[in-house]
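Reading through the structure tokens given below for one structure.
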Amino acid sequence: MTAHVRRKTILAFLGPAVAALVLVGIAPLLYAVWKSLHNFNLTKQAQTKFVGLENYAAVLTDPVFWQAMGRTATLFFISVPIQIALGLLIAIVLHRPGLTVFKTLTRLSLVLPMATTYAVVGLLAQVMLNQKYGVINQMLGWVGIDPVNFIGDPTNAFIGVIIWDIWQWTPFVALVLLAGLSTVPPEIEEAAQLETKSQWLVLRYVQLPFLIPSLVAVLILRTADTLKLFDMPFTMTRGGPGSATEFIAVLIERVGNRQFDIGMASAQAIIMLALTIFLARLYIRFFYREVN
Amino acid sequence: MAAPVQRRALWAEGLLLVAICAFCIFPFYWMVTTSLKTQVVALESPPVWVFTPTLANYWEVLFEDKVGVSLINSIIVAVCTTTLAVVLGTPAAYALARFEFRGKQDLWFWFITNRFVSPVVLAFPVFLISRELGLRDTHLALILMYLTFTLPIVIWICTDQFRSIPRELDEAALLEGASQWRIFRSICLPLAMPGVAVSSILSFIFSWNELLFAYILAPKAAKTAPAMAVTFMEGYDVPYGKIMATSTLIVIPVLIFALIASKHLVRGLTMGAVK
Amino acid sequence: WSLEEAAKPYAGTEIEVLFLDRPGYNAAIKMLPEFEAATGIKVNYTTVPYENALGEQVRDFAAGGDLDVALIDLVWIGNFAENGWLVPSETFINNAELADPELDMADFFPLVLDAFGSWNGVNYGLPFDNYSGLLFYNRCMLEAAGFDKPPATWQEVMDTYGPALTKDGKYAYALQSKRNETQSADSFARFLWPFGGSFLNAEFKSNLNSPESQAGLQFRQDLMKFMPEGIVAYDHAETVNAFAQGDVAMITEWSAFYSTVVSPETSKVADCVEIAPEPTGPAGRKPALGGFSLAVAAQADEAEQAAGWLFIQWVTSKAKAGQYLEMGGVPARQSAYADPALAETYKFIPALVESWKEGVPEFRPRFAEWPAITEIVQEWGTKMMLGEVSIDEGAKTIGEKMEAVLAEAGYYDGKKPLAQ
Amino acid sequence: MAEVKLVGVDKFYGSQQALHGVSLDIADGEFVVFVGPSGCGKSTLLRSIAGLESISGGTVSIGGQDVTGRAPSERDVAMVFQSYALYPHMTVRENMDFGMKINGFAPADRERRIAEAARVLQLEPYLDRKPSQLSGGQRQRVAIGRAIVKQPKVFLFDEPLSNLDAKLRVQMRVELEALHSELRATMIYVTHDQVEAMTMADKIVVLNAGRVEQVGSPMELYHHPRTEFVAGFIGAPSMNFLDIRSEGGRIACGETVIGTAAPVPGAVRLGIRPEHVGLVAAGSGDMGGKVVLRETLGGDAYLYVRTEAGQVVVRAEGDTALDHGAEVGLSFPANRVHLFGADGVTLSSGGVAA
Amino acid sequence: MAEVKLVGVDKFYGSQQALHGVSLDIADGEFVVFVGPSGCGKSTLLRSIAGLESISGGTVSIGGQDVTGRAPSERDVAMVFQSYALYPHMTVRENMDFGMKINGFAPADRERRIAEAARVLQLEPYLDRKPSQLSGGQRQRVAIGRAIVKQPKVFLFDEPLSNLDAKLRVQMRVELEALHSELRATMIYVTHDQVEAMTMADKIVVLNAGRVEQVGSPMELYHHPRTEFVAGFIGAPSMNFLDIRSEGGRIACGETVIGTAAPVPGAVRLGIRPEHVGLVAAGSGDMGGKVVLRETLGGDAYLYVRTEAGQVVVRAEGDTALDHGAEVGLSFPANRVHLFGADGVTLSSGGVAA
Ligand SMILES: Nc1ncnc2c1ncn2[C@@H]1O[C@H](COP(=O)(O)OP(=O)(O)OP(=O)(O)O)[C@@H](O)[C@H]1O
Ligand SMILES: Nc1ncnc2c1ncn2[C@@H]1O[C@H](COP(=O)(O)OP(=O)(O)OP(=O)(O)O)[C@@H](O)[C@H]1O
Ligand SMILES: [Mg+2]
Ligand SMILES: [Mg+2]
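Chains as they are written, first to last, in our numbering: chain A, 1 to 292; chain B, 1001 to 1275; chain C, 2001 to 2420; chain D, 3001 to 3354; chain E, 4001 to 4354.
Laid out in structure tokens, this is it:
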């Protein structure tokens, strides 16, 4: 099979995609790297000058940057495990035989949150979480809980972002994991069923190893998306109250698009990109060893 | 499987399914109903569940606020970028799945890496470049930029799908004198349909919903629907009905697209072949 | 001179302008066909959220885009002017072919013209969409609590109106304080000036830790007990809505919200709405001042500049002011308010006129560094309100950061004049 | 105490019925083989016993207890799958250990059982390998090992040897037989392979389209098939079938009258196995024909003889001189002839009425 | 003109050598079967001929032309894969048509060839079905059909029947033989199955660890294996091997002196097939032993006899009375005995020196 594939053929298949991504991905990125070495503010272009790594030094010593990073990490470490746990639960339920029609419907409804525009989710969150006219507080009222000030209180706003992040992304995680579960050969599941009734044991010892590729995919995607998370908190809380929901992408957007400090924003973004790539490499290295 | 399907277990499972559905659907339901409320009803405290619906919001956003135009822009951009991503991405995925060459792993990883680049990084450089090229506020600028995240998704998912197709099919076709391109087009691509479908849905969803590039690169003529939705938010009053009507209009095309292809959704999402 | 004559060479010219989704712009949009028919000039407006308007324009100017008419918030004028993005109106006023003999610059409220349109003594823009802070109050609620008139001073609000009106889930007052321009312009600054405070002192150093500034900020903090919970998440919309739903007795808001609160479609309390000037503090009234002017962009070509000027001149003209007012806009023409009968229809007019006489142009500093400074104020101002930092500490932090920005800009080493 | 009893087991997949009232008694320690054409329900029946399929009607008892509603893990059965279904991420040891570990066996006990199974199956050198590092035969033994350590009442095998090559198959077959005599456990075994069925079974169950066609010892089935279906299914190559007419005391086959077979009323088909057809000089015997093909397998050769009544396969010595084109006579010894009625039911076998 | 000639073909996978200087001559129209244990290189060799693997050394010629460097499509061969490799998204017709279509055959010609192949393979009713709607045997025929329409010089089959059940296998085997005699094309066939190899081949190539062990007609291999490996590999059940000593003109096996076999210098092992061992009364014959197991297959039975020289498998009549525990005598007819040297090379077969 490998015998007769010429370089030209390989190039013909890969060339266009590589060229396209170099064009739209790499070129602007290089420009961003170049700008990150400058003191460059859109509203003060007269004062533009080359400053070397000064922006990077500034970013790395800026507590605001690290606080935003910390917030982003907190969000990640709270919401992704919940997404994975819930996603797994949903995937397992959907993977079980029986109630077919019901399950098809459920699978379809999983598409809804995924398909909802991220910016719209933030707006919807505002409407539903509002302390006065929000339906969530009304429902909490039905079970005897006093209205919660979701948007105006720093902790609650953060919780609000987590809730909506979970709402939006759990279905995606569930679908990926469901696909992963479908790669477990049925006999292997049955072999395990002969040993135990416990769903949990079957999951833990037999299905989980097959899910590792899916889990890594989920981790990679969720890490990237959490670091990129902008639309939803932006439309929901604008990073507030205070800085409670100022995640890293919200911060960078603020520096770049509102303070117009492109040099600084580029430096921040590039540090963030480096971090993401590092994490993705790490996941692949670390988890894939277990499978092979 | 699981022989003694006890009634109680079934009930529990059914309830769980209902809960999952409710969890997924309820916000959407609220969005749709809010879009049918007038501003006063929408801001009623406590919120009302039963009210006289009105289509006024839809009327207004569609015919007065150019949401219709922005929807068309969105469709043009999302369809084109998805098509382009599939056209460029599937051959690349095929090459990654089938051919042996040096640096394959790194190339794969580089493709995927583009998915990590935040639009915040690229938006401004692209803004300047697109102005140089006269692409500002054109669909093309958005279509190209959206490739940065649609192409990786297509490549990721499809590489995996191509790998799951038995090599013997390629070999059989090779013996019959088919060129690599022919094998790709006539044999493997049709068989990788679940992957192509899923990556198309995801590409469509991601590009349809994108906001940052959209509002920086397409402020006017090419303005897309999500950018339109947040426009309303920043008026001095927040017209929830209009926003939710716009949101509903935005979500519906994606939903239709996703539901059509949902048959493939699970089969195509086995993103396992990361090596 | 006639508009038709003057526009003749420019028939078919298209001009690009940025609008917001606010009543003043909607009024202008309704008036546009008349202008276009008369001149053959096509006005292409794009509606953007306020939050994006600055970025949109900065990027457009920085990139040499196609905007022909700039929309300038009072706090952006310094920035735009210093970057050379605007054409001084002198250029057109001195051009007899373009200048309307009826232009009458003196008819604009001088404070407004100065604050919205001028920088360093040079005028660039003509006031277009104009606001002043007003006290909207719910007469019915006040009467029910035994008040037959609105509070005249902030101290009254704190001492009598507040306690009397805050009960049964209703609140005496709401102050929009969300973390964006609202926080810095509507909330933070609103309690600096009437108490004698200010952002900067004469040396351009932070004045936020002066006793007056501190008193004002402390007063805001204390007043929060009469405001709804989560006030830091309230933007204009929430605040106005709380008032319109009858949950809050008083708000200090822009004049532009008048139509919202008196329209039965959007307000439950339309019949109870009354308007007064903002309460005074120890240092006087010093009401919030805000609004937008329109100016010709330097990047436009000659025809577009001319056409742009003709449009600006027309839409802000004395002749059109009445129509503009009628359609929901708030003109800055003194002549427009001359008719006392108008005050019957538009209850906000007396208060508006009064506040435009007492306002401070540098209510928010208008120099080029404001975008950076406002972000600092927004962040720490909300933190203060949330109690995450003390008033003193918060003020100190804002001061330090603000001074760092100003130092960077070169105000302290003499590179730049200390201009506002 | 590990007898298996099925009473009227039905199984529907949707509206399609895969099992039709299957009743079976399997004694403790018996080695039972299920055979039948593809799709006849062998796997379904086996899986119903294991509890991996819920049955739509009837009952399953194991060791005297009704287990119809019980979960697979509560039935005390072990199953060896065709594809082995080894856990790919566990070593051989872990594979065997898994069931005991999660069922809370004492570690010492677990170790002892694994060691014992590894000894019996000669797996000691491979205990720390993963399945992917083993050959087919070794994997197969691991799968059996996993079943053994459980010490179940009943072993179930679903075509466990079908993935192995011929040589290994013979070897594993012998090992399985040895295992059975050592453990004396009840074993139920599904296979496609004639040789396996004939050599291993105490009792063969022939299934056809979801119904039990016949149950009996291999020789019973070979010599006394109850139906034409069983007669054709058991034995390789299969029995020759010839259409006959039973006319006035004689049996006629094509134009030829076959004297040897006593006429039986209602008989419409005659069956005789290739190994039982006698080869005689052309012109003599019951029937004449011409060799159209010779397949030599070494020790044996099969001659395909075209007769006027159809093609008859005859087994001959591997070094027979007869080849393509030769004219031969065929004799049908009366005690080897089977006669079948129009409904496919055997009327007589070896001259003895069924 | 479609002869295949391999000269010194080597194949390395990395540093592992899968083929060691394989040379072969296959005549036009010949039916050649490759056999050998799993992993011996059968598939590799076949794929090298097809051009699907590039070889590391040596040359491949087809029809007199050196095709070593040519692409698979330029070699004019067709291959039937074990898994058939049918294009799942195309109908049967499209599957057969694909190769012709992309090679620009005239539509009329294509249609004619498909019709012809469908007729030969009895696929007419299924032409518009997709492969998933076909049974195993039908799929197999489609795969062959796809090969036929190409009218290639050489057909290559890689275990094409191994996925079918026993009955279907026999049927397909006969069909393939008929096809071969109809097309008279050169066919190269890889199989694991003894019966297939023996019955179908004009010539069998026995491979062992990447080397050609022996090439010959089935009977040649059966009667005159060149090595112990071939002797053990050809024939089922396998040949019995006994360790012997060749001492002063006598052959000793264990304690017993076997008179029948003429001593051959250097012989260390004696081989005799189960079907050739004579069963005589206990005490007589060349050796005595005790039956430890009887496997009855119907027409035949295999007796496992324990002798002092090891276990000997003996074929007996299916209705033999001998069973577990019986004492028997075994005779080894001199003309059936094979003798092998220490290096595994055959010294004599049937009393004739190799
Ligand atoms: N999950 C299922 N859904 C629907 N029908 C099924 C299912 N499993 C099996 N069947 C049908 O039930 C019948 C019996 O199938 P089963 O697998 O038991 O056959 P089998 O005898 O094991 O065949 P094989 O020898 O090919 O393994 C078949 O007709 C099959 O098509
Ligand atoms: N792609 C490959 N890479 C490395 N080694 C290989 C590869 N393909 C085959 N081999 C090795 O080459 C040898 C011959 O393999 P081949 O597939 O030809 O065997 P085979 O005789 O066809 O076996 P089987 O009967 O199991 O199909 C084996 O040892 C195998 O492990
Ligand atoms: Mg089966
Ligand atoms: Mg092979």
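Every residue, glycine too, gets a C-beta built ideally from N, C-alpha and C.
Can you give me the C-alpha to C-alpha distance between residue i and residue j, rounded to a whole angstrom?
i: Thr4320(E); j: Ala4301(E); result: 7 Å
i: Pro1166(B); j: Ala3267(D); result: 52 Å
i: Asp4010(E); j: Gly4058(E); result: 6 Å
i: Val4174(E); j: Ala1093(B); result: 43 Å
i: Glu2056(C); j: Pro2340(C); result: 40 Å
i: Gln207(A); j: Gln3140(D); result: 22 Å
i: Ile3244(D); j: Val3313(D); result: 17 Å
In its own chain, which residues sit with a C-beta less than 7 Å from the C-beta of residue i, not counting the 5 before and 5 after it?
i: Ala2099(C); result: Phe2092, Ile2093
i: Val1048(B); result: Val1041
At a cut-off of 8 Å, is residue i close to ligand 3 when judged by its beta-carbon and the heavy atoms of the ligand?
i: Ser3135(D); result: no
i: Glu3159(D); result: yes
Please indicate yes or no: does the CB of residue i lie closer than 8 Å to some heavy atom of ligand 1?
i: Leu3156(D); result: no
i: Tyr3013(D); result: yes
i: Gly4036(E); result: no
i: Gly3041(D); result: yes
Starting from the C-beta of residue i, find all residues in its chain whose C-beta is less than 6 Å away, skip the five residues before and the five after it, and write them out in chain order.
i: Arg3273(D); result: Gly3235, Met3239
Select from the options the residue whose C-alpha is nearest the C-alpha of residue i.
i: Leu2103(C); options: Ala2303(C), Ala2321(C), Gly2246(C), His2236(C); result: Ala2321(C)
i: Ala4085(E); options: Lys4101(E), Phe4157(E), Ala4197(E), Ala4118(E); result: Phe4157(E)
Under 8 Å from any heavy atom of ligand 2, does the C-beta of residue i make it?
i: Ala4018(E); result: yes
i: Leu4045(E); result: yes
Under 9 Å, Cβ to Cβ, is there at least one residue of chain C near residue i?
i: Ser1247(B); result: no
i: Ser1045(B); result: yes
i: Phe1124(B); result: yes
Any beta-carbon of chain E closer than 9 Å to the one on residue i?
i: Gly3298(D); result: yes
Verify the CB distance criterion: does residue i have a CB-CB separation below 9 Å to chain B?
i: Val4345(E); result: no
Got a sec? Which residues, its chain only, sit under 8 Å from residue i by beta carbon, not counting five neighbours each side?
i: Phe1028(B); result: Val1251
i: Met232(A); result: Tyr118, Ala119, Val121, Gly122, Ala125, Val161, Trp164, Asp165, Gln168
i: Pro241(A); result: Ile151, Gly152, Asp153, Pro154, Ala157
Please check if any C-beta of chain A sits within less than 9 Å of the C-beta of residue i.
i: Ile2398(C); result: no
i: Glu1013(B); result: yes
So with Cβ pairs under 9 Å, would you call residue i a contact of chain D?
i: Ile188(A); result: yes
i: Pro185(A); result: yes
Within 8 Å: the Cβ of residue i and any heavy atom of ligand 4?
i: Val4190(E); result: yes
> What residues from the stretch 192-207 of chain A come within 7 Å of chain F, judged by C-beta to C-beta, listed N to C?
Replying inline: Going by chain labels, chain F is absent from the structure shown, which instead holds the protein chains A, B, C, D and E.
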